[in-house]
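Peer 1: The following block contains the structure, expressed as structure tokens.
There are 2 protein chains.
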Amino acid sequence: MRLSRYFLPVLKETPREAQIVSHRYMLQAGMIKQASAGIYSWLPLGFKVLRKLENIVHEEQAKAGHIAMLMPTLQSADLWRESGRYDGYGEEMLRMQDRHGRDMLFSPTAEEMFTDVFRANVGSYKDLPLTLYQIQWKFRDEVRPRFGVMRGREFLMKDGYNFDLTKEDALHAYNRHLVTYLRTYERMGLQAIPMRADSGPIGGDYTHEFLVLAETGESEVFYDSAVTDIRMGERDVDFDNHDQCQAIMDEFTSLYARTDETHDADLFAKVPADRQRTARGIEVGQIFYFGTLYSEKLGAVVDDGKGGKAAVHMGSHGIGVSRLLGAIIEASHDDKGIIWPEGVTPFHCGIVNLKQGDNEADAACQSLYDSLTALGLEPLYDDRDERAGAKFGTMDMIGLPWRVTVGPRGLKNGVVELTSRRTGDNEELPPEQAVARIADIYRGIS
Amino acid sequence: MRLSRYFLPVLKETPREAQIVSHRYMLQAGMIKQASAGIYSWLPLGFKVLRKLENIVHEEQAKAGHIAMLMPTLQSADLWRESGRYDGYGEEMLRMQDRHGRDMLFSPTAEEMFTDVFRANVGSYKDLPLTLYQIQWKFRDEVRPRFGVMRGREFLMKDGYNFDLTKEDALHAYNRHLVTYLRTYERMGLQAIPMRADSGPIGGDYTHEFLVLAETGESEVFYDSAVTDIRMGERDVDFDNHDQCQAIMDEFTSLYARTDETHDADLFAKVPADRQRTARGIEVGQIFYFGTLYSEKLGAVVDDGKGGKAAVHMGSHGIGVSRLLGAIIEASHDDKGIIWPEGVTPFHCGIVNLKQGDNEADAACQSLYDSLTALGLEPLYDDRDERAGAKFGTMDMIGLPWRVTVGPRGLKNGVVELTSRRTGDNEELPPEQAVARIADIYRGIS
Numbered sequence: 001m002r003l004s005r006y007f008l009p010v011l012k013e014t015p016r017e018a019q020i021v022s023h024r025y026m027l028q029a030g031m032i033k034q035a036s037a038g039i040y041s042w043l044p045l046g047f048k049v050l051r052k053l054e055n056i057v058h059e060e061q062a063k064a065g066h067i068a069m070l071m072p073t074l075q076s077a078d079l080w081r082e083s084g085r086y087d088g089y090g091e092e093m094l095r096m097q098d099r100h101g102r103d104m105l106f107s108p109t110a111e112e113m114f115t116d117v118f119r120a121n122v123g124s125y126k127d128l129p130l131t132l133y134q135i136q137w138k139f140r141d142e143v144r145p146r147f148g149v150m151r152g153r154e155f156l157m158k159d160g161y162n163f164d165l166t167k168e169d170a171l172h173a174y175n176r177h178l179v180t181y182l183r184t185y186e187r188m189g190l191q192a193i194p195m196r197a198d199s200g201p202i203g204g205d206y207t208h209e210f211l212v213l214a215e216t217g218e219s220e221v222f223y224d225s226a227v228t229d230i231r232m233g234e235r236d237v238d239f240d241n242h243d244q245c246q247a248i249m250d251e252f253t254s255l256y257a258r259t260d261e262t263h264d265a266d267l268f269a270k271v272p273a274d275r276q277r278t279a280r281g282i283e284v285g286q287i288f289y290f291g292t293l294y295s296e297k298l299g300a301v302v303d304d305g306k307g308g309k310a311a312v313h314m315g316s317h318g319i320g321v322s323r324l325l326g327a328i329i330e331a332s333h334d335d336k337g338i339i340w341p342e343g344v345t346p347f348h349c350g351i352v353n354l355k356q357g358d359n360e361a362d363a364a365c366q367s368l369y370d371s372l373t374a375l376g377l378e379p380l381y382d383d384r385d386e387r388a389g390a391k392f393g394t395m396d397m398i399g400l401p402w403r404v405t406v407g408p409r410g411l412k413n414g415v416v417e418l419t420s421r422r423t424g425d426n427e428e429l430p431p432e433q434a435v436a437r438i439a440d441i442y443r444g445i446s
Numbered sequence: 447m448r449l450s451r452y453f454l455p456v457l458k459e460t461p462r463e464a465q466i467v468s469h470r471y472m473l474q475a476g477m478i479k480q481a482s483a484g485i486y487s488w489l490p491l492g493f494k495v496l497r498k499l500e501n502i503v504h505e506e507q508a509k510a511g512h513i514a515m516l517m518p519t520l521q522s523a524d525l526w527r528e529s530g531r532y533d534g535y536g537e538e539m540l541r542m543q544d545r546h547g548r549d550m551l552f553s554p555t556a557e558e559m560f561t562d563v564f565r566a567n568v569g570s571y572k573d574l575p576l577t578l579y580q581i582q583w584k585f586r587d588e589v590r591p592r593f594g595v596m597r598g599r600e601f602l603m604k605d606g607y608n609f610d611l612t613k614e615d616a617l618h619a620y621n622r623h624l625v626t627y628l629r630t631y632e633r634m635g636l637q638a639i640p641m642r643a644d645s646g647p648i649g650g651d652y653t654h655e656f657l658v659l660a661e662t663g664e665s666e667v668f669y670d671s672a673v674t675d676i677r678m679g680e681r682d683v684d685f686d687n688h689d690q691c692q693a694i695m696d697e698f699t700s701l702y703a704r705t706d707e708t709h710d711a712d713l714f715a716k717v718p719a720d721r722q723r724t725a726r727g728i729e730v731g732q733i734f735y736f737g738t739l740y741s742e743k744l745g746a747v748v749d750d751g752k753g754g755k756a757a758v759h760m761g762s763h764g765i766g767v768s769r770l771l772g773a774i775i776e777a778s779h780d781d782k783g784i785i786w787p788e789g790v791t792p793f794h795c796g797i798v799n800l801k802q803g804d805n806e807a808d809a810a811c812q813s814l815y816d817s818l819t820a821l822g823l824e825p826l827y828d829d830r831d832e833r834a835g836a837k838f839g840t841m842d843m844i845g846l847p848w849r850v851t852v853g854p855r856g857l858k859n860g861v862v863e864l865t866s867r868r869t870g871d872n873e874e875l876p877p878e879q880a881v882a883r884i885a886d887i888y889r890g891i892s
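In order, the protein sequences belong to chains W and P. Position 383, counted from 1, in the first sequence is what the numbering used here calls 383; the numbers after and before it change by one each time, with no gaps. One rule links them: number in the numbering used here = place in the second sequence (from 1) + 446.
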């Protein structure tokens, strides 16, 4: 993309309404614009990152055999009356009536809808296990939306629902979700620590939240520092293997790691003193096993293969996709702007032309652009007639992890400059080597 | 995908509520499920096609330099009051109040939102031309929703908005949209004929609708049969070239082709008698130039480079993405089910194992599956323990364009059967040749 043809409204002023850095930088970098309280328009740069996050979620869910579909945003109130949640949900649920006076609502979550699709179409244990999910916009009418996309009212969420014959199978689905979520976050350059969470009114022991450590996190967290040493990495996972998934669950959750909601001071005291940590965390996902709660209320039963009927064991599993943009920026920025991890960057690298209009510089930039594009990479070429400082400022703010700087002086020596946004390290090298280096960096990253 | 692990609830009965074939087949093939009147859940097979259509739209828009972003579904009423459309829009607009009593609405279209983003961020002619678009769910509260996704209330739409300094530039944008739309439809296996449309209360000559000929179309259309001979094909288009885009516009729109709304019997009579056609058509898109209507009302002005200010010339351009699924099926089916064009098929081919559990047949199917997958193709392998008739019935209904049938008898002779869904033609050939043939068919189709 040539910047002169893109729509990247970078703000010069610091937006006053932004209390946290991710909100501020998303506004400044021209990623979002507030439409109304807690509701955002996703400008081209923001939308591009959002799509990348969506794709990573889809790819990791597919590996585990979870199946994508899509529910409507607007739902009839009737289904929620059946589950008993319509009256109880409170003011966070946005309600409306259509022209015929029928009660409707904007989906804040979708347990009812998925259970309804299941009960209408699945009747036998032979069709299990089954995990369906969607990535769809939700609405929760927060009293005081704030922190930009971190706590918006209209937000993009991945929500998945497993349907299993037995508790054991459902707990395997629970473990599968943990594995896929860990991998998803790692591909986004995040370390999200699974922490035992509060199951709330539903009860039960089976719920974990995934928290990214960040000073601006809304939750206080307590953990054994050893948990931050564990990574999923590239290990091969057989998602049909119960024992293997359970082992990963155990590996990631047996060390102490809890939010203030479930914190147990006595247990925490048993963690070796030099490994006890208190910090703040941003919740970016949650997994939940809730048994037959909804299946019984909504009649989601199957033939159990023994001549009887069984209500299916279910869980729900969510990732806050739009919120993740904020979390990534909270975890990865400096005082000049955003620093995108390679896995989610909106463009793979920037090209800065120090002397737009100079024949040689223009030709060298175009050639770099063409070479990178031919390799399937997407560069952002700042071809505006601006001074170098302004171009560097924009690149630093929008946070592309790599920048190639092209100027007449370097070209005389046959080199361009490759700069890491994260470290600030510069290196002079011939253009074709810069291209090869960037291609190397992104090998294996889609 | 192995069918035993997929969620494909094919219905045995013919759904009574469906009046047209696309609605019936989408329900029977397990692509959609009605959630409430005119509102559908997209089951996995339907969602997969929807994503493919979305991607084609994105790719073709990108080629013309149009830039993707995303607006929220819920919008504040204030902006619509500013444009004067809030009160006038009528009952099709779904309105609601949030918990603080603020008037909101579910976006039925987005001229106001895009103009607002533009005016807040663009101040100079130097930033033009600019075309922004989104693919987002809209809601229009039709009195009597019907025909499945063809006339639903919640629907997925691509809507684009161009911002230009002059009428001439805006008409070039209009032409660019015509070109991208023609290419988009052709990639989906559709012929959509641009027809002069009624501009309604806005006035002006610049609006065309794109109509797919089909018996179940809602509009009566009148055309010169020669228009059906024109194709965009693979021609190279320079989207910066005004003359070239204008020539394509002229080529596609100078022959007579109008809907009943703009039909002119006298003009039609001048078409050679043997080329006069009357038929029915499904509207799948519309392009519109409306000048400074919204930019003046909303104050979208720029420095004109001559010391003055100018309200920008705009147009809006839409493709009914979810409706296209219905249109494609209306245009491509037989009495056994859907016939997907290769460009949009949810799976590239089906694999039918005639004797599940037979070692040789199972191994041959698995090997076909692995070979196709390794080539980047996505087969659907019917590995269920069902009789052949049921498997063929499912494949015919869901409409994958190619099927490989594997059975012990053929394997003894070293062959499998490759069948075209469209023609019914069968061919026996060795498995590796079947794979090569399928790879050939999809070469150049993403």
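Virtual Cβ for every residue (Gly too), placed ideally from N, Cα, C. Being a predicted model, the structure only gives us computed values, none of them experimental.
Can you pull the chain W residues whose beta carbon is under 9 angstroms from the beta carbon of residue 893 (chain P), in chain order?
Peer 2: This structure gives no information on residue 893 (chain P), because the portion of chain P shown stretches from 447 to 892.
Peer 1: Quick check on residue 485 (chain P) - is its C-beta less than 8 angstroms from some C-beta in chain W?
Peer 2: Taking Cβ atoms only, chain W reaches closer than 8 angstroms to residue 485 (chain P), which makes this a yes.
Peer 1: Looking at residue 453 (chain P) and residue 130 (chain W), is the spacing between their C-beta atoms short of 8 angstroms?
Peer 2: Yes, the Cβ-Cβ distance between residue 130 (chain W) and residue 453 (chain P) is below 8 angstroms.
Peer 1: Could you say which of P:719, P:857 and P:706 lies nearest to residue 725 (chain P) if we only look at CA atoms?
Peer 2: Comparing Cα positions, the closest option is P:706.
Peer 1: Give the secondary structure of residue 80 (chain W) by DSSP, where H, G and I count as helix, E and B as strand, and everything else as coil.
Peer 2: Residue 80 (chain W): helix per DSSP, three-state reduction.
Peer 1: Count the C-beta pairs between the segment 729-741 of chain P and the segment 627-646 of chain P that are closer than 8 angstroms, then say yes if the count reaches three, no if not.
Peer 2: The segment 729-741 of chain P vs the segment 627-646 of chain P: in contact.
Peer 1: Nearest CA to the CA of residue 814 (chain P): which residue from P:877, P:868, P:595 and P:739?
Peer 2: The option with the nearest alpha carbon to residue 814 (chain P) is P:877.
Peer 1: I want to verify the contact list: residues of chain W whose CB lies under 8 angstroms from the CB of residue 616 (chain P), in sequence order.
Peer 2: Neighbours of residue 616 (chain P) on chain W: none; closest Cβ ~17 angstroms, over 8 angstroms.
Peer 1: With a threshold of 8 angstroms, are at least 3 pairs of Cβ atoms found where one atom belongs to the segment 470-483 of chain P and the other to the segment 586-596 of chain P?
Peer 2: Yes, the segment 470-483 of chain P is in contact with the segment 586-596 of chain P.
Peer 1: Quick check on residue 405 (chain W): does DSSP put it in helix, strand or coil?
Peer 2: Strand, per DSSP.
Peer 1: Mind listing the chain W neighbours of residue 461 (chain P)? Cutoff is C-beta to C-beta under 7 angstroms, in chain order.
Peer 2: Correct list: empty, because the minimum Cβ distance to chain W is about 12 angstroms.
Peer 1: Out of P:866, P:737, P:775 and P:466, which one is the CA nearest neighbour of residue 838 (chain P)?
Peer 2: Cα-wise, what sits closest to residue 838 (chain P) is P:866.
Peer 1: In terms of alpha-carbon separation, which member of P:767, P:490, P:777 and P:758 lies closest to residue 604 (chain P)?
Peer 2: The option with the nearest alpha carbon to residue 604 (chain P) is P:767.
Peer 1: Any C-beta of chain P within less than 9 angstroms: which residues of the segment 72-99 of chain W qualify?
Peer 2: For the segment 72-99 of chain W, which is checked against every Cβ of chain P, the residues closer than 9 angstroms are 72, 73, 74, 75, 76, 78, 79, 91, 92, 94, 95, 96, 97, 98 and 99.
Peer 1: Residues of chain W with a CB under 8 angstroms from the CB of residue 452 (chain P): which are they?
Peer 2: The answer, in chain order, is 67.
Peer 1: Work out the CA separation of residue 207 (chain W) and residue 893 (chain P) for me, nearest whole Å.
Peer 2: With chain P covering only 447 through 892, there is no way to say anything about residue 893 (chain P).
Peer 1: Along chain P, which residues have their Cβ under 9 angstroms away from the Cβ of residue 435 (chain W)?
Peer 2: What residue 435 (chain W) touches in chain P: nothing, since even the nearest Cβ is about 22 angstroms away.
Peer 1: Below 8 angstroms, can you find three or more Cβ-Cβ pairs linking the segment 690-708 of chain P to the segment 754-763 of chain P?
Peer 2: Touching, no, given that fewer than three Cβ pairs across the two stretches are closer than 8 angstroms.
Peer 1: Buried or exposed for residue 90 (chain W), please, with buried defined as at least 16 other CB atoms from any protein chain shown within 10 angstroms of its CB.
Peer 2: Label assigned to residue 90 (chain W): exposed.
Peer 1: When you compare only the Cα positions, how much space is there between residue 763 (chain P) and residue 442 (chain W)?
Peer 2: Cα to Cα, residue 763 (chain P) sits roughly 36 angstroms from residue 442 (chain W).
Peer 1: Please determine if the segment 53-69 of chain W and the segment 528-535 of chain P are in contact, where contact requires at least 3 C-beta pairs separated by less than 8 angstroms.
Peer 2: No, the segment 53-69 of chain W is not in contact with the segment 528-535 of chain P.
Peer 1: Using C-beta distances below 6 angstroms, list every residue in its chain close to residue 673 (chain P), excluding the 5 sequence neighbours before and after it, in chain order.
Peer 2: Answer for residue 673 (chain P): 639, 701 and 703, listed in chain order.
Peer 1: Roughly how many angstroms separate the alpha carbons of residue 17 (chain W) and residue 104 (chain W), rounded to a whole number?
Peer 2: Spanning the two alpha carbons is a distance of roughly 33 angstroms.
Peer 1: Using the C-alpha atoms, what's the distance from residue 342 (chain W) back to residue 399 (chain W)?
Peer 2: So the alpha carbons of these two residues sit roughly 10 angstroms apart.
Peer 1: Under 7 angstroms Cβ to Cβ from residue 854 (chain P), same chain only, skipping five residues before and after it: list those, please.
Peer 2: For residue 854 (chain P), where only same-chain residues beyond five positions count, the Cβ hits under 7 angstroms are 801, 804, 806 and 807.
Peer 1: Flag this pair as touching only if the segment 293-307 of chain W and the segment 108-125 of chain W have three or more C-beta atom pairs under 8 angstroms; answer yes or no.
Peer 2: Judged by Cβ distances under 8 angstroms, the segment 293-307 of chain W makes contact with the segment 108-125 of chain W, as three or more pairs qualify.
Peer 1: Strictly below 8 angstroms CB to CB, what residues from chain P border residue 44 (chain W)?
Peer 2: Result: 513, 514, 515 and 578.
Peer 1: Helix, strand or coil for residue 33 (chain W), going by three-state DSSP, please let me know.
Peer 2: DSSP places residue 33 (chain W) in strand when its eight states are reduced to three.
Peer 1: Below 6 angstroms CB to CB, which residues in the same chain sit around residue 277 (chain W) once its five sequence neighbours on both sides are set aside?
Peer 2: These residues qualify, in order along the chain: 223 and 225.
Peer 1: Would you mind working out which of W:162, W:137, W:154 and W:139 sits nearest residue 111 (chain W), comparing C-alpha positions?
Peer 2: Measuring from the Cα of residue 111 (chain W), the nearest candidate turns out to be W:162.
Peer 1: Using 10 angstroms around the beta-carbon of residue 267 (chain W), count the other beta-carbons present and answer buried if the total reaches 16, otherwise exposed.
Peer 2: Label assigned to residue 267 (chain W): exposed.
Peer 1: Residue 28 (chain W) and residue 395 (chain W) - do their beta-carbons sit closer together than 8 angstroms?
Peer 2: Against a cut-off of 8 angstroms, the Cβ pair of residue 28 (chain W) and residue 395 (chain W) comes out as no contact.
Peer 1: Would you give the residue range spanned by the alpha helix (DSSP H) that residue 887 (chain P) belongs to?
Peer 2: First-last of the alpha helix (DSSP H) with residue 887 (chain P): 877-888.
Peer 1: Using a Cβ cut-off of 8 angstroms (strictly closer), state whether residue 222 (chain W) contacts chain P.
Peer 2: Not an interface residue.
Peer 1: How would you list, in chain order, the residues of chain P whose beta-carbon sits under 7 angstroms from the beta-carbon of residue 139 (chain W)?
Peer 2: Those are 520, listed as they occur along chain P.
Peer 1: With 7 angstroms as the limit, tell me which residues of the segment 145-156 of chain W have their beta carbon closer than that to any beta carbon of chain P; keep them in chain order.
Peer 2: From the segment 145-156 of chain W, only 154 have a Cβ closer than 7 angstroms to chain P.
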